[in-house]
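Chains as they are written, first to last, in my numbering: chain A, 36 to 301; chain B, -3 to 529.
Backbone N, C-alpha and C define an ideal beta-carbon position, used for all residues, glycine too.
Here the structure is laid out as structure tokens; the discussion comes afterwards.
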């Protein structure tokens, strides 16, 4: 009798633990804040889902707000939050910024650099950045591809720079300029947030000049956080240094590269 | 969850807790009681999670406030952690509640507090602290000039009341304003009315959307023009419904968002999008950037975004050579009834998270009160189109002088900013807030999402009709868990219990029965033994 009771109680404990776990989950799901861009609107029918994959040229020609289907290779992952991933992707012809693409946490782990994905979404533009939003994706088995950095130094300041939007690029021989001033009024080489209102861990902003023009570069903290080499490298920059930099050619009201590496060369 | 399933789940939960206290490895907080005396002999370290509008002046003011406070209370060290987004604070707090690592003091919104309160004794109710004669509002033992309770603007303070208790104090208040390119309105042959109506905005916006065969808009000579851009689609829907006296939610959390008026409004919005007259921040970008580039005529954003608005705005995100010269008019958001204007009250509040040590909580409270002093209130409000939350600060000659100095320079006294502030000061009685309950933050998101979804759909060439809206309502209801949040659903029949739940309940019941049987037998045998002896 005692053994039976002990066994029964043990079973109860196991079931109760399961109940605890379920309860914890329900607490999570009761969190009332789905991500801002979650779009419940029904949008894609079967015909659209089966649309043909576009070439980059066709993608460029596609109207804003039209549905697009592309295949490209993951180059970098910027963020994942509540089943939405933001990713830089590229093929031999051009690049894509995939903003808040539907993606489980497990699938996000599979999006390693070089992985080929087929993406179905809508071409959109936000503050000058052309991107694919409200997208879904599937992994395409086969080749992988890592884009070499395109030397875009001589394109700085030209109208054709935007043709390379979102591509992995490099700039050589840039001079570090003052980004702002510290509390004592001294010039500084970088700022936490665009105006220095942030702190360690926030985006880094720094200015570089080339051929007499100054450009603002950013270390996007979701793409490269404060544990990365580039974050430390920018925090160590000094005004007047000459640098080479690599990153993705992001756009925000003008060119605003998201820098992933910086090398001081002079 | 509601009805029978809810009660059973609650019963099971109680049983589980009885069987497995500490199942989550989390101890429950003791209820906070105000200490009789603040122990100044001890050292306290408190954390303050604050939000700024990516504005260095604001972070400087937080730092200055901390420095000044620490001079008064050298035994209290305040560590500042800065955020630029309320949502990030909310997510981090939620994460830290489970590990009991919440900050001491936190900038927040009442909607968020409603969720925090689902934990037990997580947020400190402030009623007793308010009234404490020594350390309460205007208390005798304070080392600074704290406002009395009746010196906090009552409507702002009431926004911080959830149920029977105050769980926060207001820190700053703002509302929304419509920043108008008056030059373009007049160029289109219109004259701005005293109060904007929705009809006026739709009409002028559609007129401004006219372009030639080359895609060049007549009003600005550019290839880009979005006449009407709304920053917060959540607020747009909420205020439209309020002005129409239509349902949104009840105080108890009954969801009323999906109603005929909402449908009517969404059809109007769809028509305007179709005409190329309307878009939102999430879809197109910051209203201020379009306004300043001469690519928008009506930009609706917070008064706390006023320093970005206008040709001469002190803060600017677009290249100088793209800025267009125009006259900016700061107006109340459009109304359906000009005689009874309604606008939302928004802005940060401050709450205190409970800790094991009541002295630490009291130290937190002292700092919170310090944020209400005139120096902090006036300085912070001047960084943007904010209004101080105390009459004490509003009536301070320094603040009055600030208001009188509109236009004296393009920075501190930037006229657009001060006009936006005056707009709120003159219409405090016309402001409202939405009911707060667990799930109200989600409802707010859903309200905005309806507008975003309709706008996207029209831009993508989809037909917005009854079928579309019905599907949209169903999907939105599910995505934001509003079907579960609404008590209006009543005690629905949710079908039979899942097998696992049945097994669990039966097992638990059986265990208790057997325990009782066993104890009875034991007691019987023991009794028999003692009788024999």
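**Q.** Contact list for residue 157 of chain A against chain B, beta-carbon separation under 7 Å
**A.** Under a criterion of Cβ atoms nearer than 7 Å, the residues of chain B adjacent to residue 157 of chain A are, in order, 456.
(Q) 8 Å is my cut-off, CB to CB: does residue 286 of chain A come that close to chain B? (A) no
Q: Name, please, each residue of chain A whose Cβ falls closer than 9 Å to the Cβ of residue 105 of chain B.
A: In chain order: nothing, as chain A lies at least about 11 Å away.
Q: Keeping to the same chain, check which residues put their C-beta closer than 7 Å to that of residue 161 of chain B; ignore five residues upstream and five downstream.
A: Excluding residues within five positions, the ones whose Cβ falls inside 7 Å are 121 and 123.
Q | Close Cβ partners of residue 428 of chain B (< 8 Å) along its chain, the five nearest in sequence each way excluded | A | 238, 338, 339, 340 and 341
Q: Determine, using beta-carbon pairs with one atom in the segment 113 to 132 of chain A and one in the segment 241 to 258 of chain A, whether at least three such pairs fall under 8 Å.
A: Touching, per the Cβ criterion.
Q | Cβ of residue 201 of chain A within 8 Å of any chain B Cβ | A | Chain B places no beta carbon closer than 8 Å to that of residue 201 of chain A, leaving this residue out of the contacts.
**Q.** Short CB-CB distance (under 8 Å) between residue 129 of chain A and chain B
**A.** no
Q | Proximal residues of chain B, C-beta to C-beta of residue 100 of chain A below 8 Å | A | Within 8 Å Cβ-Cβ: 452, 455, 456 and 457.
Q) Quick one: which chain B residues come within Cβ less than 8 Å of residue 229 of chain A? A) 50
**Q.** Cβ pair residue 103 of chain A, residue 167 of chain A closer than 8 Å
**A.** yes
Q. Taking the runs of the beta strand (DSSP E) that are 3 residues or longer, which of them lie wholly in the segment 76 to 117 of chain B?
A. 101 to 104
Q. Using 8 Å as the limit for Cβ to Cβ distance, is residue 289 of chain A near chain B?
A. For residue 289 of chain A, the nearest beta carbon of chain B is closer than 8 Å to its own beta carbon.
Q) Is any beta-carbon of chain B found at less than 8 Å from that of residue 162 of chain A? A) Taking Cβ atoms only, chain B reaches closer than 8 Å to residue 162 of chain A, which makes this a yes.
Q: Report yes or no: is there a C-beta of chain B within less than 8 Å of the C-beta of residue 232 of chain A?
A: yes
(Q) For a test of your reading of the model: does the CB of residue 249 of chain A fall under 7 Å from any non-hydrogen atom of the ligand SAM? Yes or no. (A) This structure simply doesn't include the ligand SAM, nor any ligand for that matter.
Q) Along chain A, in chain order, which residues have C-beta atoms closer than 7 Å to that of residue 78 of chain B? A) 233 and 234
Q.
Whole angstroms are fine: how far does the CA of residue 120 of chain A sit from the CA of residue 87 of chain A?
A. 23 Å
Q: Determine the direct distance from the alpha carbon of residue 157 of chain A to that of residue 379 of chain B, and round the result to whole angstroms.
A: Distance from the CA atom of residue 379 of chain B to the CA atom of residue 157 of chain A, rounded to whole angstroms, is 38 Å.
Q: Could you check the C-alpha separation between residue 184 of chain A and residue 309 of chain B for me, to the nearest Å?
A: Going by the C-alpha atoms only, they are around 38 Å apart.
(Q) Which same chain residues end up closer than 7 Å to residue 442 of chain B when comparing Cβ atoms and leaving out the 5 residues on each side of it in sequence? (A) 253, 472, 476 and 478
Q: Check each candidate in A:182, A:233, A:94 and A:270 and name the one with the smallest Cα separation from residue 299 of chain A.
A: A:270
Q: Could you say which of A:289, A:171 and A:138 lies nearest to residue 192 of chain A if we only look at CA atoms?
A: A:289
Q. Hey, out of B:180, B:520 and B:240, whose CA is closest to residue 217 of chain B's CA?
A. B:180
Q. Where do the ends of the alpha helix (DSSP H) carrying residue 53 of chain B lie?
A. 52 to 68
(Q) Strictly by DSSP, which residues pair up with residue 216 of chain A? (A) A:222
Q. For residue 379 of chain B and chain A, any beta-carbon pair shorter than 8 Å?
A. no
Q | Local conformation of residue 451 of chain B per DSSP, three classes | A | For residue 451 of chain B, the three-state secondary structure derived from DSSP is helix.
Q) Can you pull the DSSP bridge partners for residue 116 of chain A? A) A:119
Q | Residue-level contact to chain A via CB, residue 530 of chain B, 8 Å cutoff | A | Past the boundaries of the shown model lies residue 530 of chain B; chain B is included only from -3 to 529, so the question cannot be answered.
Q. Which value, in whole angstroms, describes the spacing of the CA atoms of residue 224 of chain B and residue 263 of chain A?
A. 41 Å
Q) Nearest to residue 267 of chain B by CA position, among B:434, B:292 and B:195, is which residue? A) B:195
**Q.** Own chain residues within Cβ distance below 6 Å of residue 86 of chain B, not counting five before or after
**A.** Counting only Cβ-Cβ distances below 6 Å, and skipping sequence neighbours, we find 108.
Q) So, helix, strand or coil for residue 519 of chain B, using DSSP? A) helix
Q) How about residue 345 of chain B and residue 149 of chain B: are their beta carbons less than 8 Å apart? A) no
Q | For residue 227 of chain B, three-class secondary structure by DSSP | A | coil
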